[in-house]
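One point on numbering: in full-length UniProt numbering, the residue at position 103 of the sequence shown is 103, and numbering is uninterrupted. Think of the CB as a built atom: it goes at the ideal place given N, C-alpha and C, for glycine as much as any other residue. Beneath this line is the structure, given in structure tokens, with notes to follow.
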Amino acid sequence: MDRQPRYLWLAEQLRKPILRGEMPPGTRLPSRTRLARTYRVSEQISRTALRLLVTEGLVEARPGSGYYVRSAPEVFRICRTDGSSGSGVGLLSRELVGTEQEPCAPPLSRRLRLREGEPVYRTTSRGLASDRPVTLHRSWEPASLTAGTLRTPFDTSPGSGLLDRLCSVGHPVDRVIEEVGVRALHDSEASLLGAAPGTPVLVVERTHFSGNRAVETSDLIGSAEHCRLLYRLALARP
């Protein structure tokens, strides 16, 4: 069996007391030089071990100060089995950012099965906890579905549901498809979430169908560190 790399061994010596609570949040870790002397390793190994703990989210680096045990992030559970099939931000308060009309572009055109350039309505909202943005929700629907009616996203009153609005213009939603993935936060999304571009985020792509027609699609975006998706599945009894 291959011998464990020394940096992994050193990281484990620090990880154990952190996870056991023996080194509470805010505790300053020994310097790279002190770790190297204490554990008889090179400074390169101690540096790599500390960086690994930073990557794991257990430790944070403070420039000019050192490495500190990090506080556990607050976790928000977002129920994806909501009855309204709307933005699905769960117990977070919803803040409407705005609605705009724009030409449909790939890959959105594939999700909505539209020709490139066809007009769509884009609505942006945020899920807030104590006035802090936690999730970003962006939805798009073909403008042709509700154009000329009082059921466009521009005419939507607060609290009105997507399903009722589309059903009232002859497009009852009977099927929903969700796909969950992880990607880096885009520049255009970062300022709305108050996070740095490139931050790992969970993305829930949800598309509503009326028959075989896609009538709306959306992205629910949240920090992979702070957000959990909660699904409740009913199982048929044998």
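Closest option to Pro-106, judged by alpha-carbon separation, among Ala-190, Trp-140, Glu-43 and Thr-149: Trp-140. Counting of Cβ neighbours within 10 angstroms places Pro-24 among the exposed residues, the total staying below 16.
The beta carbon of Thr-81 sits closer than 7 Å to those of Tyr-231 and Arg-232, all from its chain and outside the five residues before and after it, given in chain order. In summary, Gly-127 is buried, with 16 or more beta-carbon neighbours lying within 10 Å of its beta-carbon over all protein chains present. For the pair Arg-62 and Leu-10, the Cα-to-Cα distance works out to about 20 Å. For Ile-221, the number of other beta carbons within 10 angstroms of its own is at least 16, and it is reported as buried.
Annotation: the continuous alpha helix (DSSP H) that includes Pro-17 extends over 6 to 19.
Residue pairing for Asp-219: DSSP places it in a beta bridge opposite Arg-138 and Glu-205.
Arg-111 sits in a helix when the DSSP states are folded into three classes. Residue range 59 to 62 is occupied by the beta strand (DSSP E) that includes Arg-62.
Only residues of its own chain outside the window of five on either side were considered, and among them Gln-101, Glu-102, Pro-103, Cys-104, Leu-108, Leu-112, Leu-114, Trp-140, Glu-141, Pro-142 and Ala-143 have a CB closer than 8 Å to the CB of Val-120, listed in chain order.
The residue from Thr-135, Leu-229, Val-75 and Val-69 with its alpha-carbon nearest to that of Pro-17 is Val-69. Beta-bridge pairing by DSSP links Ile-177 to Thr-207.
Leaving aside the five residues that flank Leu-35 on each side, the residues in its chain whose CB is nearer than 6 Å to its CB run, in chain order, Ser-46.
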